[in-house]
Structure formats: structure tokens, C-alpha cells
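In terms of the UniProt record's numbering, the sequence shown has 48 at position 48, counting the first letter as 1, and numbering is strictly consecutive. Ideal Cβ placement from N, Cα and C applies to all residues, glycine included.
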Amino acid sequence: MNPAERRRVAAVIVRGGSVLMVRERGRGPSGRHDGAEYWTLPGGGVEPGEDPEAAVRREVAEETGLRALSVRYAYEAPYPSGWTTCFRVEVAAGEPVLGVDPELGCDCPRMVGLTWVPLPRTGADGPYMVPTLLSAAAP
Numbered sequence: 001m002n003p004a005e006r007r008r009v010a011a012v013i014v015r016g017g018s019v020l021m022v023r024e025r026g027r028g029p030s031g032r033h034d035g036a037e038y039w040t041l042p043g044g045g046v047e048p049g050e051d052p053e054a055a056v057r058r059e060v061a062e063e064t065g066l067r068a069l070s071v072r073y074a075y076e077a078p079y080p081s082g083w084t085t086c087f088r089v090e091v092a093a094g095e096p097v098l099g100v101d102p103e104l105g106c107d108c109p110r111m112v113g114l115t116w117v118p119l120p121r122t123g124a125d126g127p128y129m130v131p132t133l134l135s136a137a138a139p
């Protein structure tokens with residue numbers, strides 16, 4: 001990993017055979033968040049002095065309003081912004097609520113939705129396959 005690259009974390013939150021995903025807008029030619037939309041796991045950058053487990057708990061609370069009960073390392077994944085450490089996160093009961101990105105620095109929303117995406121299984125009794133990023137071209 002490039003030392004200048006910010007460490008990133010993401011949360012795999014599974015409930016009832018579905019994973020919680022955040023719908024985001026990328027920056028368009030104007031520099032505003034009016035570009036292509038995509039679905040991603042809740043997550044973001046690790047702050048200086050913060051450990052990855054604390055970062056994923058913070059990101060889950062900021063982006064979904066849910067409280068993380070337990071955090072377990074799951075896997076590493078390539079994201080457009082760099083390699084991301086993904087954690088399996090168990091959350092308290094309740095419905096997720098779309099948060100606001102405190103670091104955005106502009107008045108255009110980056111996060112525009114939350115949804116539970118059904119997960120395919122690898123086989124009849126196999127584990128779920130968890131996407132890290134999905135295109136949002138289709139409604």
C-alpha cells in the first residue's frame with residue numbers, strides 16, 4: 001500500500017440473508033457529487049491515531065445510525081480509493097437511517113440511500129457471497 005494512501009475500513013452488516021449497502025454519488029465534471037451512482041458497504045477512512053475496529057464502529061454510526069455490538073475482521077478488498085479492511089459487524093436492533101458525511105466539504109450529498117441487498121449463496125449450504133461495490137445504473 002502506498003504510505004500516502006489513507007487506510008480505509010468497511011462494514012459487512014448482514015440481516016435476514018441481505019447485506020446493508022449505501023448508495024453514493026461520485027463527483028461529476030463540475031466537482032459536485034452529481035456523477036455516477038454506486039452501492040458500497042458502509043465505511044470510510046481511518047482517522048490518525050484511530051484503530052481500524054474503532055473506525056468501522058464510528059463509520060457505521062455516522063452512515064447508518066446503527067450501533068455496532070461486535071466487530072470481527074473478515075477480508076481485505078480493493079476499492080477505487082485503495083485497499084480496504086472489511087469487518088463483519090453485528091449491530092443493535094433497529095432500522096438504519098442515512099447519515100451525513102461530516103468531511104464532505106460541500107453542500108451536495110454524497111450518500112443518497114441505504115438498502116438491504118439480498119445475498120446469493122455460493123451453494124445450497126454454502127456461505128453468502130458479499131459484494132463490496134455494485135453499480136447503481138439500474139433502479
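Helix, strand or coil for residue i? Go by DSSP, reduced to three states.
| i | result |
| --- | --- |
| valine 46 | coil |
| alanine 54 | helix |
| valine 97 | coil |
| alanine 138 | Interpretation of alanine 138 is limited by its pLDDT of 37, a score under 50 that renders its predicted location unreliable; the figure taken from the coordinates is listed afterwards. The answer is coil: DSSP assigns alanine 138 none of H, G, I, E or B. |
| alanine 77 | strand |
Return the bridge partner residues of residue i from the DSSP annotation.
| i | result |
| --- | --- |
| arginine 72 | Arg88 |
| alanine 10 | Gly43, Cys86 |
| glycine 17 | Answer is none; glycine 17 lacks a bridge partner. |
| glutamate 24 | Tyr38, Met111 |
Is it right to say residue i is buried, meaning 16 or more other beta carbons lie within 10 angstroms of its own, or is it exposed?
| i | result |
| --- | --- |
| alanine 68 | buried |
| valine 89 | buried |
| alanine 36 | exposed |
| threonine 115 | exposed |
| arginine 8 | buried |
| arginine 6 | exposed |
| proline 120 | exposed |
Let's see if you can read the secondary structure: which residues bound the beta strand (DSSP E) around residue i?
| i | result |
| --- | --- |
| arginine 67 | Note, arginine 67: premise wrong, no beta strand (DSSP E); not H, not E. |
| glycine 113 | 111-118 |
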